[in-house]
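Notes to accompany the following structure.
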Amino acid sequence: MLARIWGSTERTTSVGLLALRVGAGLMFALAHGLPKVSDLPGFVEKVGKLMPWPALFGPAAALSELVGGVLVALGLFTRPAAFFALVTMLVAALHVHAADPFARKELAFVYAVVFLTLLVSGSGRYGVDAWLARRKR
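Heads up, the sequence shown is in the working numbering, so the first residue is 393 and it goes up one at a time.
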């Protein structure tokens, strides 16, 4: 009984990764990426006040949030999508919000931890990546 409560299997780990991927990926895409892509000129202007090359970094950040979030949710190209999202969140926390109190940086750090976890673990067995790998065999 205790082994069942405290232990984990590949299946339960993959279910946990599925919940993490879908929840965080969709929230990231819809709450953060979509508004930036919907007003890309305005977002690029904001980026221009904080960073060099806003015409490059603005769309890159917006797309890593929108497209990266959707890809993570699907479990498709999970590791590359998680990498770009992780970098975007580290820049947000450590550069964009560098002078802000921790409470303002916290969400970026939470997303960074989620994307680091998915970068290391991959999508789990219930992602498109795993499905494509099974089809190849």
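Cβ atoms here follow ideal geometry from the backbone N, Cα and C, with glycine treated the same way.
Being a predicted model, the structure only gives us computed values, none of them experimental.
| Query | Result |
| --- | --- |
| Per-residue burial, H487 [other beta carbons within 10 Å of its own, 16 or more giving buried] | exposed |
| Under the three-state DSSP convention, the category T470 falls into | helix |
| Three-way DSSP call (helix, strand, coil) for H424 in this model | helix |
| Neighbourhood of S406 by C-beta, 7 angstroms cutoff - its chain only, sequence neighbours within 5 removed | G516, R517 and Y518 |
| Of the residues A485, F476, F449 and P493, the one placed nearest G460, counting alpha carbons only | F476 |
| Chain-order list of residues whose beta-carbon lies under 6 angstroms from that of A453 (same chain, five-residue window excluded) | T480 |
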